[in-house]
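Undergrad: Okay, handing you the structure first.
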Ligand code: ZN
């Protein structure tokens, strides 16, 4: 069984079926309310959490109260062109080295947060998000998944106008606006998956399926990304990797399609869950 760690109005909570257990209360203070601190002690936390039963739940699960399960990551890596069909639709070659960019942590919001539409060229990208538990550097491929605390569903919301405003294109700014990184609904540990490298992933826009793939189509797997990144950057608990989006984004469609205020982005990954984000006109 996977451990499912959620953020209920700023407090760490375990999701057990349709209920939640407040971590600090259920552990009688052994673990505190900050989800980031739990990631620092992920092994002992998950060992304790595996024994928590629905009888320890303190409330029903109300998804409208959920914040991002990892609210303050030190680093948020993005990976470009990591699905073959997405590279093809963008007219770009299959990369031989991971294409890495930054999503600054201010973009991270919860699974029901609104996405502020800042231009007429804002696009969707459903992604598997891997969250680091035990940090390190020079991590080997065999050990890589042991350094991953779990997975979330994420949206790498992207302002294409900013991304392609000039030559060369810049990725980080147009993908780092406030609200452009919804994640959730929970951080799900890997032990409950038959194969954590092969999960159905899809995105619906107002009930129309726009992206539909499997994470086994990733060009660079989660383990390969951990090896690559940790060769250069020491990874720390809570760091996250947006692993890339499958085909079906709006900017490569004919005609092109972009997000509009009032639309709902529904993003789902098998075994993790669904996040729902309403697009709203920016107040900036
Ligand atoms: Zn992306």
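In our numbering, the protein residues as written are 110 to 393.
Where is the CB? At the ideal position from N, CA and C, for every residue including glycine.
Keep in mind the model is a prediction, meaning the values are calculated, not measured.
#1: Please output, in chain order, the residues near the ligand ZN using a CB cut-off of less than 5 angstroms to any non-hydrogen atom of the ligand.
#2: Which same chain residues, not among the five before or five after residue 180, have their C-beta less than 8 angstroms away from its C-beta?
#3: Closer than 6 angstroms by C-beta to residue 231: which residues in its own chain qualify, once you throw out the five before and the five after it? Chain order, please.
#4: Whose C-alpha, out of 175, 130, 184, 205, is nearest the C-alpha of residue 342?
#5: Rank 156, 158, 284 by C-alpha distance to the C-alpha of residue 211 and give the top, closest one.
#6: Going by beta-carbon coordinates alone, are residue 305 and residue 195 separated by less than 8 angstroms?
#7: If you compare alpha carbons, which of 155, 299, 353, 292 is closest to residue 207?
#8: Let me check one thing: in DSSP terms, what residues is residue 369 bridge-paired to?
#9: So what does DSSP say about residue 118, is it helix, strand or coil?
#10: For the alpha helix (DSSP H) containing residue 318, name the first residue and the last one.
#11: Compare the beta carbon distance of residue 320 and residue 235 with 8 angstroms and say whether it is the shorter of the two.
#12: Need the endpoints of the beta strand (DSSP E) that residue 299 sits in, please.
#13: Is the Cβ-Cβ distance between residue 173 and residue 246 less than 8 angstroms?
#14: For residue 398, name the three-state secondary structure that DSSP assigns.
#15: Between residue 189 and the rest of its own chain, which residues show a CB-CB distance below 7 angstroms, the 5 nearest in sequence each way excluded?
#16: Can you tell me which residues form a DSSP beta bridge with residue 348?
#17: Where do the ends of the beta strand (DSSP E) carrying residue 274 lie?
#18: Just how far apart, CA to CA, sit residue 308 and residue 376?
#19: For a quick check, are the C-beta atoms of residue 161 and residue 135 less than 8 angstroms apart?
#20: Taking one C-beta from the segment 282 to 297 and one from the segment 154 to 168 each time, how about it: are there three or more such pairs within less than 8 angstroms?
#21: Using only alpha-carbon positions, find the residue among 244, 330, 388 that is nearest to residue 314.
#22: Output the boundary residues of the beta strand (DSSP E) element that contains residue 260.
#23: The alpha helix (DSSP H) that contains residue 254, what's its start and end?
#24: May I have the straight-line CA-CA distance separating residue 152 from residue 274, to the nearest angstrom?
#25: How is the alpha helix (DSSP H) around residue 154 delimited, first residue to last?
#26: Throw me the rounded Cβ distance for the residue 140 and residue 132 pair, which I believe falls under 8 angstroms.
#27: Under 8 angstroms between the Cβ atoms of residue 295 and residue 310?
#28: Among 122, 300, 291, 254, whose alpha-carbon lies nearest the alpha-carbon of residue 373?
TA: Result, derived from the coordinates:
#1: 234, 265, 354
#2: Sequence index remark: in the chain shown, residue 180 carries index 71 (1-based). Around residue 180: 116, 119, 144, 145, 217.
#3: Locating residue 231 in the chain shown gives position 122, counting from the first residue. Here the set comprises 268, 367, 368.
#4: To locate residue 342, count along the chain shown from 1; it is residue 233. Residue 184 is the option with its Cα nearest to residue 342.
#5: Stepping through the chain shown from its first residue, residue 211 is reached at position 102. Of the candidates 156, 158, 284, the one whose C-alpha sits nearest the C-alpha of residue 211 is 284.
#6: Position 196 of the chain shown holds residue 305. Position 86 of the chain shown holds residue 195. Their beta carbons are not under 8 angstroms apart, which means residue 305 does not touch residue 195 by this criterion.
#7: If you number the chain shown from 1, residue 207 lands on position 98. The shortest C-alpha separation from residue 207 is found at 353.
#8: If you number the chain shown from 1, residue 369 lands on position 260. Residue 369 pairs with nothing; no bridge assigned.
#9: Stepping through the chain shown from its first residue, residue 118 is reached at position 9. In this structure, residue 118 counts as coil in the three-state DSSP scheme.
#10: For this step, residue 318 is matched to residue 209 along the chain shown. Segment 317 to 323 is the beta strand (DSSP E) holding residue 318; no alpha helix (DSSP H) there.
#11: Here residue 320 refers to the residue found at position 211 of the chain shown. Here residue 235 refers to the residue found at position 126 of the chain shown. In contact: residue 320 and residue 235 (Cβ atoms closer than 8 angstroms).
#12: Locating residue 299 in the chain shown gives position 190, counting from the first residue. Unbroken run through residue 299: none, as it is neither H nor E.
#13: Counting from 1 along the chain shown, the entry for residue 173 is found at position 64. Counting from 1 along the chain shown, the entry for residue 246 is found at position 137. No, they are not a contact pair.
#14: The requested residue 398 does not occur in the structure, where the chain is confined to residues 110 to 393.
#15: As a position in the chain shown, residue 189 is number 80, starting the count at 1. Cβ within range, chain order: 208, 210, 280, 353.
#16: Looking up residue 348 in the chain shown gives position 239. DSSP lists no partner for residue 348.
#17: Against the chain shown, residue 274 aligns to sequence position 165. Residue 274 -> no beta strand (DSSP E), and no H or E assigned at all.
#18: The residue labelled residue 308 in the question sits at position 199 within the chain shown. The residue labelled residue 376 in the question sits at position 267 within the chain shown. One C-alpha to the other measures close to 13 angstroms.
#19: Start at 1 with the first residue of the chain shown, and residue 161 comes out as number 52. Start at 1 with the first residue of the chain shown, and residue 135 comes out as number 26. Taking 8 angstroms as the Cβ cut-off, residue 161 and residue 135 qualify as a contacting pair.
#20: no
#21: Mapped onto the chain shown, residue 314 falls at position 205. For residue 314, the nearest C-alpha among the options comes from 388.
#22: Within the chain shown, the letter at position 151 stands for residue 260. 257 to 264 is the span of the beta strand (DSSP E), which, as asked, contains residue 260.
#23: Taking the chain shown and counting its residues from 1, one reaches residue 254 at position 145. No alpha helix (DSSP H) holds residue 254; DSSP gives it neither H nor E.
#24: Residue numbering aside, residue 152 sits at position 43 when the chain shown is read from its first letter. Residue numbering aside, residue 274 sits at position 165 when the chain shown is read from its first letter. Residue 152 and residue 274: Cα-Cα distance of roughly 44 angstroms.
#25: Mapped onto the chain shown, residue 154 falls at position 45. Segment 151 to 158, the alpha helix (DSSP H) holding residue 154.
#26: By 1-based counting over the chain shown, the position of residue 140 is 31. By 1-based counting over the chain shown, the position of residue 132 is 23. So it is a contact: roughly 5 angstroms between Cβ atoms.
#27: Working through the chain shown from its first residue, we reach residue 295 at position 186. Working through the chain shown from its first residue, we reach residue 310 at position 201. No.
#28: Sequence index remark: in the chain shown, residue 373 carries index 264 (1-based). The option with the nearest alpha carbon to residue 373 is 291.
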